[in-house]
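Peer 1: I have a structure I would like to understand better, so I am pasting it below and will then ask my questions one at a time.
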Amino acid sequence: MTISEPSNRHPALQEADAEANRQLTTLEGWRRFTSPGQTEPPVLLSPGELDRLSPPERALYDEGRLDHHARMLVVATSFVEKTVVCGRRLVLLNRHAISARRGLMVSGLPGTGKTSAITQLGLAHELLDRARHPNVTGRIPVLYITVPPAATSRMIAAEFARFLGLPVRGRSNMTDIIEAVVGVCTDTRTGMVLVDEIHNISQVTRAGAEVSDTLKYFSERIPATFVYAGINLETSELLTGTRGAQIAGRFTLVPTRPFPYREEWKGLVATMEKTLLLHDHPLGSLVKLDRYLHDRADGMIGALSHAIRGAAIDAILSGTERVTREGIDAIPLDHTAETVGKPLKKAAVR
392 MTISEPSNRH PALQEADAEA NRQLTTLEGW RRFTSPGQTE PPVLLSPGEL DRLSPPERAL
452 YDEGRLDHHA RMLVVATSFV EKTVVCGRRL VLLNRHAISA RRGLMVSGLP GTGKTSAITQ
512 LGLAHELLDR ARHPNVTGRI PVLYITVPPA ATSRMIAAEF ARFLGLPVRG RSNMTDIIEA
572 VVGVCTDTRT GMVLVDEIHN ISQVTRAGAE VSDTLKYFSE RIPATFVYAG INLETSELLT
632 GTRGAQIAGR FTLVPTRPFP YREEWKGLVA TMEKTLLLHD HPLGSLVKLD RYLHDRADGM
692 IGALSHAIRG AAIDAILSGT ERVTREGIDA IPLDHTAETV GKPLKKAAVR
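In terms of this note's numbering, the sequence shown is residues 392 to 741.
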């Protein structure tokens with residue numbers, strides 16, 4: 392397990408460690424994510440309280456609001472709820488399984504909320520485990536990794552070890568790493584393994600096939616429900632060949648798509664607007680722009696969140712303290728949201 396670092400380390404190294412601990416792919420980062428009160432928003436001060444702040448206090452207050460809007464807001468969409476329900480069902484079905492445990496695959500376009508969905512599923516599982524085992528330390532209910540591009544089987548095993556804080560030395564062989572990971576997961580009662588960016592695995596390459604085999608071996612040795620998330624898994628090389636057929640036969644697929652312009656989209660906009668901590672923003676003004684926001688974000692919840700949070704940050708920095716259509720227009724979105732469904736401009740005739 393991890394060993395605490397001495398407190399007299401160089402500040403730059405301490406900052407690097409603090410940043411690493413915010414990553415979900417480390418046990419410290421995951422525990423920070425699942426700890427209550429970690430994302431409590433600051434309190435919006437009244438005009439009188441604001442006037443009494445000194446310049447340093449005002450700068451610190453604004454920094455807290457900027458940090459609040461920089462956080463990715465997780466909204467309990469129908470897709471997130473469906474993922475949590477399906478995942479919870481599979482955990483129960485797998486409870487007494489000796490082998491061939493069922494898994495879950497979350498698939499869709501970038502920006503449709505796949506990572507948010509599986510991390511919320513992991514959060515729900517973690518909190519339920521804590522409620523069932525109060526005052527019990529040493530449990531690691533959830534393990535979260537991402538698949539690196541061009542991954543090898545050793546890299547995947549090392550990702551498992553890295554999350555658990557196990558040392559991986561250059562001379563460590565695969566068997567040693569796997570046995571150490573399986574031993575810790577078994578001892579700490581790991582019940583759910585989240586594997587993100589799974590589309591990076593290709594069954595048509597030797598390395599990809601070996602990665603697939605390694606994950607399958609982990610799923611057979613660790614008594615946990617495995618959850619995969621990736622881009623367009625239905626048509627990816629993950630599900631090709633004999634190995635892909637085995638995955639398709641054991642995993643339930645939950646697809647995600649861009650949100651249509653319906654009541655749920657309006658609810659998403661309203662929910663995000665309520666999280667804004669701005670002093671001059673009329674509540675409800677963004678809801679009136681829900682059709683424009685749908686066109687602007689192309690129905691992608693990731694693009695919607697980026698646009699609203701980015702405009703809120705600009706509103707604090709500029710002092711306008713409100714999010715407007717003009718402010719959202721000024722936020723550059725991802726290439727897909729900026730181009731899909733939008734006609735290309737014709738080149739001028741010289």
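Yeah, the Cβ is synthetic: ideal placement off N, Cα and C, and Gly gets one too.
(1) By the DSSP assignment, the beta strand (DSSP E) with residue 498 in it spans what residues?
(2) Which ranges does the alpha helix (DSSP H) cover as unbroken runs of at least 4 residues, wholly within the segment 410-451, from first to last along the chain?
(3) Report back the beta-carbon spacing between residue 659 and residue 510 to the nearest angstrom; my notes put them in contact at under 8 angstroms.
(4) Cα-Cα, which of 625, 603, 723 is closest to residue 593?
(5) For residue 412, which residues in the same chain have their Cβ closer than 8 angstroms to its Cβ, ignoring the five residues on either side in sequence?
(6) With residue 547 and residue 605 assumed to form a contact (beta carbons below 8 angstroms), what rounded beta-carbon distance in angstroms separates them?
(7) Could you tell me which residues DSSP pairs with residue 621 in its beta bridges?
(8) Threshold first: 3 residues or longer. Then list the beta strand (DSSP E) segments lying entirely within the segment 477-550, N to C.
(9) Does DSSP put residue 566 in a helix, a strand or coil?
(10) Measuring CB atoms only, is the segment 655-669 touching the segment 512-523, in the sense that at least three cross pairs come out at less than 8 angstroms?
(11) Does the Cβ-Cβ distance between residue 627 and residue 590 come in under 7 angstroms?
(12) DSSP state of residue 642, grouped into three classes?
(13) Under the assumption that residue 622 contacts residue 500 (Cβ atoms under 8 angstroms), give the Cβ distance between them as a whole number of angstroms.
(14) Alpha carbon to alpha carbon, how far is residue 697 from residue 725? Give it in angstroms, no decimals.
(15) Is residue 616 helix, strand or coil when you go by DSSP?
(16) Would you report the Cα separation of residue 552 and residue 631, rounded to the nearest angstrom?
(17) Residue 503 to residue 443, Cα distance in whole Å?
(18) Identify the continuous alpha helix (DSSP H) that holds residue 684 and give its terminal residues.
(19) Between which two residues does the beta strand (DSSP E) holding residue 583 run?
(20) By alpha-carbon positions, which one of 686, 576, 518 ends up nearest to residue 427?
Peer 2: On the basis of the supplied data:
(1) 494-499
(2) 418-425, 438-442
(3) Not quite, the Cβ-Cβ distance comes to about 18 angstroms (not below 8 angstroms), so this is no contact.
(4) 603
(5) Because the pLDDT at residue 412 is just 43, under 50, the model does not fix this residue reliably, and the value given afterwards should be weighed accordingly. For residue 412, where only same-chain residues beyond five positions count, the Cβ hits under 8 angstroms are 419, 420, 423.
(6) 5 angstroms
(7) 498
(8) 494-499, 533-537
(9) helix
(10) No, because fewer than three Cβ pairs between the segment 655-669 and the segment 512-523 fall closer than 8 angstroms, the two stretches do not touch.
(11) yes
(12) Strand at residue 642.
(13) 7 angstroms
(14) 9 angstroms
(15) Of the three classes helix, strand and coil, the one that applies to residue 616 here is strand, per DSSP.
(16) 28 angstroms
(17) Roughly 43 angstroms between the two C-alpha positions.
(18) 681-688
(19) 583-587
(20) The shortest Cα separation from residue 427 among 686, 576, 518 belongs to 518.
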